[in-house]
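Novice: Structure below; questions to follow.
Protein chains in written order, with the UniProt record's numbering: chain U, 1 to 361; chain H, 1 to 361.
Structure representation (structure tokens):
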């Protein structure tokens with residue numbers, strides 16, 4: 001098979017030019033005599049890679065200087081345990097707004113460390129919407145308020161930043177970071193596993209307002225302490241250098257393509273095209289998320305007959321459209337269309353969906 | 001520069017054939033239409049990669065069935081915090097035998113969770129030896145005994161497995177795993193960051209005697225729980241797939257080369273050659289570690305004059321021998337000669353060291 005259009009939810013498709021560069025540099029990085037994955041993280045070659053990656057991410061996201069940027073292992077789930085450990089006192093309350101599967105994960109990881117208050121939940125409505133801000137039951141003394149900016153499985157996305165007063169807003173942006181301009185200063189902590197919009201799996205980005213690093217948090221190992229990672233510039237222990245390097249190549253590609261403002265436009269067009277096909281299918285395809293909070297990144301949809309799922313997947317694959325099977329928690333289909341999915345890929349999927357409906361409708 | 005002989009302590013040199021394969025498969029893994037780093041960890045392609053990696057490692061190390069094998073993020077340092085969290089009751093004692101820098105790290109990460117008893121320490125002698133087993137002050141009620149099998153910085157290596165009775169022996173094998181045959185059944189837990197003998201940085205291997213997973217340990221997040229990772233076959237959250245894949249390629253390479261018995265012979269010859277040059281230099285080069293516990297993996301050495309360090313490193317680099325600078329904690333030089341360093345590389349270094357001495361002696 002030549003390269004397919006790959007709609008995987010993460011690990012997800014990467015820009016072909018990035019893969020080509022990584023391929024070309026695989027045995028000898030810039031004349032160093034070795035691959036970047038074979039060189040010391042403390043040597044000048046990797047230090048350059050690491051510093052450029054941070055600088056480029058700061059440029060892309062316009063991250064203010066009073067925010068620290070960390071590149072860490074452990075994925076978003078790991079951060080979901082570290083956040084209460086670092087930012088909440090033992091037994092302190094923290095507010096969680098639950099809008100899908102990953103919000104549940106965040107709560108599960110936090111519960112051993114913090115008094116979780118579910119301030120609002122979309123579960124009663126099957127996670128098809130986001131509870132109105134006016135209905136959130138926030139605690140006065142919460143350590144922070146946690147939201148999941150985009151729910152990868154349920155396809156629900158915050159389309160604005162909720163006002164939560166002086167309590168720091170902590171947000172899992174794993175699947176929507178750098179997909180459109182964001183006012184970082186409205187958040188206390190932004191965290192994301194890299195494997196959707198930022199690059200390869202195996203590295204996470206954590207953006208922290210620096211004053212929060214002064215919180216005592218809870219007794220914990222040094223390796224679980226964000227301030228210790230910052231003091232060592234994310235090299236408290238050996239970092240995942242190849243993953244960091246590949247993310248850095250993705251950042252350079254995004255800047256060359258026009259930055260997040262450009263991707264915001266592409267992503268709006270891509271998602272509008274797919275939702276248009278679904279909504280215009282007369283019920284052949286179905287997405288039940290409230291229109292105002294439909295995800296621009298993950299488009300889950302169902303065929304009107306379950307028996308059509310297998311032919312849909314088989315015929316899509318034959319057409320060079322792969323990884324469309326929905327998450328096992330929901331079933332159906334899901335098209336994940338992060339920054340690295342070209343508009344041509346989404347157009348090909350939209351065309352296939354219309355043709356499939358004609359053949360099977 | 002063409003590829004140099006790279007003596008980096010980790011991230012370290014990888015087999016050239018492994019890099020060539022990864023390079024060839026970078027844009028399309030086995031006809032899947034995507035790179036392995038772009039495919040879902042739950043898809044059939046990566047499941048195959050993951051299962052083969054575990055099976056191959058079990059073959060290489062002859063891991064008994066009553067041991068679980070985990071592939072995790074966080075590095076060895078992360079495991080050093082998870083070990084007391086998973087295997088010690090709050091406030092329980094654990095014995096640590098301190099033979100160098102990484103033993104100190106293990107103690108530092110464990111201290112918030114366990115009553116650390118330093119049962120023996122080589123620090124008084126500058127970590128140039130390993131305290132005799134007869135002198136260890138073990139606790140009767142310890143949760144485990146921790147050793148560092150090979151100290152990467154100090155170049156000190158256990159050359160046998162210490163007897164510790166019924167208390168589980170926990171060992172950091174980051175820099176010597178799969179370098180020679182090992183009786184896994186003598187250990188409760190073996191852990192290793194991959195970036196020395198197993199493959200790329202960003203993934204760790206943890207081998208656990210299954211009965212230990214029944215210990216309650218301490219209150220902790222699910223993501224910090226080994227039993228939870230095992231229940232999900234190391235996919236409790238998205239694993240670092242590319243790192244796992246590359247480690248798997250290294251395992252296949254090791255098996256094809258003859259397995260750990262073959263590498264044990266090569267490693268013995270490689271280290272004997274370098275120590276021979278050092279000991280035969282009449283003091284021009286110096287290694288002060290007790291001969292019986294000199295590391296076969298990391299050969300730290302000093303030139304008799306500090307002023308020679310820079311010319312040594314410059315001339316070595318010009319000769320295609322890189323990453324020989326010693327760790328900042330010790331200074332001097334260090335040649336790390338893991339499995340993937342070919343004998344030709346060590347012969348080239350030995351020849352260079354003799355020539356350098358002739359020119360500068």
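All residues carry an ideal CB built from backbone N, CA and C; glycine is no exception.
What you are looking at is a predicted structure, and each value in this text was computed from that prediction instead of being measured.
Do you know how far the Cα of residue 191/U is from the Cα of residue 279/U?
Specialist: 33 Å
Novice: Going by DSSP, what residues sit across from residue 169/H in a beta bridge?
Specialist: Answer by DSSP bridge pairing, in chain order: 145/H.
Novice: Touch check for the region 267-286 of chain U and the region 145-152 of chain U: three-plus C-beta pairs under 8 Å?
Specialist: no
Novice: Does the Cβ-Cβ distance between residue 250/H and residue 83/H come in under 8 Å?
Specialist: no
Novice: Relative to the alpha-carbon of residue 225/H, which residue among 248/U, 81/U, 338/U, 55/U has its alpha-carbon at the smallest distance?
Specialist: For the residues 248/U, 81/U, 338/U, 55/U, the minimum Cα distance to residue 225/H belongs to 81/U.
Novice: Is there a Cβ of chain U sitting closer than 8 Å to that of residue 33/H, yes or no?
Specialist: By this cut-off, residue 33/H is an interface position.
Novice: Less than 8 Å between the C-beta atoms of residue 326/H and residue 342/H, yes or no?
Specialist: no
Novice: In chain U, which residues lie with their C-beta within 8 Å of the C-beta of residue 116/H?
Specialist: Simply none; closest approach about 12 Å.
Novice: For the region 212-224 of chain H against the region 84-96 of chain H, are there 3 or more C-beta pairs whose distance is under 8 Å?
Specialist: yes
Novice: Restricting to Cα atoms, I'd like to know which of 298/U, 173/U, 145/U is closest to residue 274/U.
Specialist: 298/U
Novice: Could you please give me the residues that DSSP links to residue 301/U through a beta bridge?
Specialist: 333/U
Novice: I'd like to know whether the C-beta of residue 86/H is nearer than 8 Å to at least one C-beta of chain U.
Specialist: no
Novice: Might you give, ordered along the chain, the residues of its own chain that have their beta carbon closer than 6 Å to the beta carbon of residue 239/U, omitting 5 neighbours on each side?
Specialist: 41
Novice: Helix, strand or coil for residue 37/U? Go by DSSP, reduced to three states.
Specialist: helix
Novice: Out of 96/H, 256/H, 35/H, which one is the CA nearest neighbour of residue 162/H?
Specialist: 96/H
Novice: What does residue 241/H reach in chain U if we use C-beta pairs closer than 7 Å?
Specialist: 11, 201
Novice: State yes or no: is the C-beta of residue 253/H within less than 8 Å of the C-beta of residue 17/H?
Specialist: yes
Novice: Give the list of continuous beta strand (DSSP E) stretches no shorter than 3 residues that lie fully inside the region 280-326 of chain H.
Specialist: You should have 298-303.
Novice: If you reduce the DSSP assignment to three classes, tell me which class residue 158/H lands in.
Specialist: coil
Novice: Is there a Cβ of chain U sitting closer than 8 Å to that of residue 3/H, yes or no?
Specialist: Taking 8 Å as the threshold, the shortest C-beta distance from residue 3/H to chain U falls below it.
Novice: Just checking, does the region 198-215 of chain U make contact with the region 51-66 of chain U on the three C-beta pairs under 8 Å criterion?
Specialist: yes
Novice: Do you know how far the Cα of residue 352/U is from the Cα of residue 305/U?
Specialist: Distance between the alpha carbons of residue 305/U and residue 352/U is about 17 Å.
Novice: To be precise: take each residue of the region 103-129 of chain H, compare its Cβ to all Cβ atoms of chain U, and keep it if any distance is under 9 Å. Which residues remain?
Specialist: Hits within the stretch, in order: 105, 108, 109, 110, 111, 112, 113.
Novice: Which one or two residues does DSSP pair with residue 93/U in a beta bridge?
Specialist: Beta-bridge annotation (DSSP): residue 93/U is paired with 115/U.
Novice: Since residue 44/H meets chain U, which of its residues come closer than 9 Å, beta carbon to beta carbon?
Specialist: None at all; the shortest Cβ gap to chain U is about 11 Å.
Novice: For residue 232/H, collect the residues of the same chain with a Cβ closer than 8 Å to its Cβ; drop the 5 residues on either side in sequence, then sort them by chain order.
Specialist: none
Novice: Tell me whether the beta-carbon of residue 178/U lies closer than 8 Å to the beta-carbon of residue 198/U.
Specialist: yes
Novice: Do residue 10/H and residue 195/H have their CB atoms nearer than 8 Å?
Specialist: yes
Novice: Can a CB atom of chain A be found closer than 8 Å to the CB of residue 254/U?
Specialist: Among the protein chains in the structure shown, which are U and H, there is no chain A.
Novice: Could you confirm whether any beta carbon from chain H is found closer than 8 Å to the beta carbon of residue 15/U?
Specialist: It does not; no Cβ of chain H falls within 8 Å.
Novice: Would DSSP call residue 197/U helix, strand or coil?
Specialist: coil
Novice: So residue 68/U is in the beta strand (DSSP E); what residue range does that whole segment cover?
Specialist: 67-72
Novice: Below 8 Å on the Cβ atoms is my guess for residue 260/U versus residue 181/U; work out the distance and round it to an integer in Å.
Specialist: 5 Å
Novice: At 7 Å on the CB atoms, spell out the chain H contacts of residue 146/U, in chain order.
Specialist: By Cβ distance, chain H contributes nothing, its closest Cβ being about 14 Å from residue 146/U, past 7 Å.
Novice: Which value, in whole angstroms, describes the spacing of the CA atoms of residue 276/U and residue 129/U?
Specialist: 19 Å
Novice: So with Cβ pairs under 8 Å, would you call residue 376/H a contact of chain U?
Specialist: Outside the displayed range of chain H (1 to 361) lies residue 376/H, so it cannot be described from this structure.
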